[in-house]
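In terms of the numbering used here, the sequence shown opens at residue 3 and continues consecutively.
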Amino acid sequence: IHHQMGSGYTQNQYAIYNATTGPDGTGVSAPRVIESGAGYRNPTREVKVGTGFMLQALKPGVTLHFENSYRIKTGTVDYTGKPGTEDEIDNGFGRYWLTMNTPSGIEPMLAVVYFEGGNNDFAIEDTESSLSSNDIYTFAGNKKLVIQGKAPFVNTDQIPLGYKAFEDGTHIFSVYQPEGVFENGQSIYLIDKLLNKTVKITDKPYKFMTRAGEFNDRFMIVYRPGNIIGTAADISNVVNFAKVDNQIVITSSIDKIKEVELFDLNSRPVYKKSDINSNEHRINAADFNHQIVIVTVKTETGELVTRKFVNN
């Protein structure tokens, strides 16, 4: 079921519901605009009167029947789901939604659902992402998913997390409405392979810098802090500063340098160079003799590094 949210079509405009994902199905809200003040509207299997929707049939030639006997009296205005029962939790039920706040205030959402009868491979309970300009998704094989159904929960599971960013800047991952095992003490951790760190995003949203583009190898979702694979120190970018031959030399070990700015101690800009696209950048140190300057380096991945540099 899809629910249109606006008519600008700058990104995915629809809420999505998969009736086979979990004991009561699972829906994700259309990307919301933060400044509008609107909340999330996750669809359920009940459709409000007057709401238009589209269906994806499992096979061609299917006839759909709609009858008055299907009507119910319960309210459906808020589009909210319901947490798992104790029996479902005992059977490995767990569900959570993950959102990504963007610099423009657009906030896409995905859902991960563990349940009895779920499948860790790509299957009917998985819904592929439409790959909007701002998007987040998990993976089943090479399929990018906005709703992912999985077998009953085990804390050794790992889920690759990808995203698309329409613009450079600060983005924020947040967990929304954990249910089942995640509502009963099970934490969710996020591995940032670029920065070689692991954070518990059930405690606090994770803020990170990125450049515009699609990135599928930076993040991994895990469920215990020691369950860290592929985060060896050699994948972490290192930015170094040195004075060589009367030049301030800035080097980046892996990612290319995109932009460098220098500020004096009163925060006034004294130098700026953009579109560098190199692993090394040199600045004439004579222009800043006997000064202490603040150097800010932005790499192609959006990483920001700031250092105080004493130019003796």
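A virtual CB, placed ideally from N, CA and C, is assigned to each residue, including glycine.
Here's the rule I'm using: 16 or more other beta-carbon atoms within 10 Å means buried, otherwise exposed. How should residue 158 be labelled? Numbered from 1 along the sequence shown, position 156 holds the residue referred to as residue 158. Flag for residue 158 reads exposed.
Please list the segments of the beta strand (DSSP E) lying wholly inside the stretch 105-185, counting only runs of 3 or more residues, in order along the chain. Runs found: 111-116, 137-142, 145-152, 160-167 and 171-182.
Do residue 108 and residue 140 count as a contact pair if the criterion is CB distance below 8 Å? Here residue 140 is taken as the residue at index 138 of the sequence shown, counted from 1. Here residue 108 is taken as the residue at index 106 of the sequence shown, counted from 1. Their beta carbons are not under 8 Å apart, which means residue 140 does not touch residue 108 by this criterion.
Limits of the beta strand (DSSP E) - the one that residue 271 falls within: Taking the sequence shown and counting its residues from 1, one reaches residue 271 at position 269. 271-275 is the extent of the beta strand (DSSP E) around residue 271.
Measure the Cβ-Cβ separation of residue 222 and residue 147 and say whether it is below 8 Å. Along the sequence shown, read from residue 1 onward, the residue named residue 222 stands at position 220. Along the sequence shown, read from residue 1 onward, the residue named residue 147 stands at position 145. Not in contact: residue 222 and residue 147 (Cβ atoms no closer than 8 Å).
Please confirm whether residue 216 and residue 252 have their CB atoms less than 8 Å apart. As a working note, residue 216 is residue 214 in the sequence shown. As a working note, residue 252 is residue 250 in the sequence shown. Not in contact: residue 216 and residue 252 (Cβ atoms no closer than 8 Å).
Grab me the residues of residue 131's own chain with a C-beta within less than 7 Å of its C-beta, minus the 5 sequence neighbours each way, in chain order. Translated into positions along the sequence shown, residue 131 becomes position 129. For residue 131, where only same-chain residues beyond five positions count, the Cβ hits under 7 Å are 137, 139, 146, 147 and 148.
Reference residue 244; option with closest CA among 285, 185 and 265: For the purposes of this step, residue 244 is taken as the residue at position 242 of the sequence shown. In this structure, 285 is the residue among 285, 185 and 265 with its C-alpha nearest to the C-alpha of residue 244.
Throw me the rounded Cβ distance for the residue 123 and residue 143 pair, which I believe falls under 8 Å. Numbered from 1 along the sequence shown, position 121 holds the residue referred to as residue 123. Numbered from 1 along the sequence shown, position 141 holds the residue referred to as residue 143. Rounded, the Cβ-Cβ distance is 7 Å, consistent with contact.
So, under 8 Å CB-CB, residue 174 and residue 190 are touching, yes? Tell me the CB distance rounded to an integer number of Å. The count along the sequence shown starts at 1 and reaches residue 174 at position 172. The count along the sequence shown starts at 1 and reaches residue 190 at position 188. That pair is no contact at about 15 Å.
What is the DSSP secondary structure of residue 288, reduced to helix, strand or coil? To locate residue 288, count along the sequence shown from 1; it is residue 286. Helix at residue 288.
Report the rounded CA-to-CA distance for residue 113 versus residue 182, giving the unit in angstroms. Position 111 of the sequence shown holds residue 113. Position 180 of the sequence shown holds residue 182. Taking the straight line joining both Cα atoms gives about 13 Å.
Please report the straight-line C-alpha distance between residue 306 and residue 105, rounded to a whole angstrom. What you label residue 306 is simply residue 304 of the sequence shown in a count that begins at 1. What you label residue 105 is simply residue 103 of the sequence shown in a count that begins at 1. Distance from the CA atom of residue 306 to the CA atom of residue 105, rounded to whole angstroms, is 16 Å.
Quick check on this structure: which residue in 198, 246 and 120 has the alpha carbon closest to the alpha carbon of residue 154? As a first step, residue 154 must be located in the sequence shown, where it is residue number 152. It is 120.
Could you check what DSSP says for residue 255 in three-state terms: helix, strand or coil? For the purposes of this step, residue 255 is taken as the residue at position 253 of the sequence shown. The answer is coil: DSSP assigns residue 255 none of H, G, I, E or B.
Measure the C-alpha to C-alpha separation of residue 312 and residue 273 and round it to an integer number of angstroms. In the sequence shown, residue 312 corresponds to position 310, counting from 1. In the sequence shown, residue 273 corresponds to position 271, counting from 1. When rounded, the distance between both Cα atoms is 15 Å.
Quick check on DSSP: helix, strand or coil for residue 71? Taking the sequence shown and counting its residues from 1, one reaches residue 71 at position 69. Helix, per DSSP.
Using the rule of at least 16 other Cβ atoms within 10 Å of the residue's Cβ for burial, across every protein chain shown, is residue 303 buried or exposed? Taking the first residue of the sequence shown as 1, we reach residue 303 at position 301. Buried is the call here.
Under the criterion of a Cβ to heavy atom distance below 7 Å, does residue 226 qualify as lining the ligand PLP? Ligands displayed in this structure: none; no statement on the ligand PLP is therefore possible.
Cutting at 8 Å between CB atoms, please list the residues of its own chain near residue 280, excluding the five before and the five after it. Translated into the one-based positions of the sequence shown, residue 280 becomes position 278. 258 and 259, listed in sequence order.
Suppose the cutoff is 8 Å on Cβ atoms and the five residues either side in sequence are ignored; what does the same chain contact list for residue 214 look like? The residue given as residue 214 occupies position 212 in the sequence shown. The residues 167, 168, 169 and 170, in chain order, have a CB closer than 8 Å to that of residue 214 in the same chain once the five nearest residues on each side in sequence are set aside.
Straight-line gap, residue 255 to residue 262 (C-alpha atoms, nearest Å): Residue mapping note: residue 255 aligns to position 253 of the sequence shown, counting from 1. Residue mapping note: residue 262 aligns to position 260 of the sequence shown, counting from 1. Answer to the nearest angstrom: the Cα atoms are 16 Å apart.
Go to residue 63, then tell me how far its beta strand (DSSP E) extends in each direction, as first and last residue. Locating residue 63 in the sequence shown gives position 61, counting from the first residue. Per DSSP, residue 63 belongs to no beta strand (DSSP E) and is neither H nor E.
Measuring alpha carbon to alpha carbon, tell me which of 299, 177, 290 and 295 ends up nearest residue 275. As a first step, residue 275 is located in the sequence shown; it is residue number 273 there, counting from the start. Out of 299, 177, 290 and 295, 299 has the C-alpha closest to the C-alpha of residue 275.
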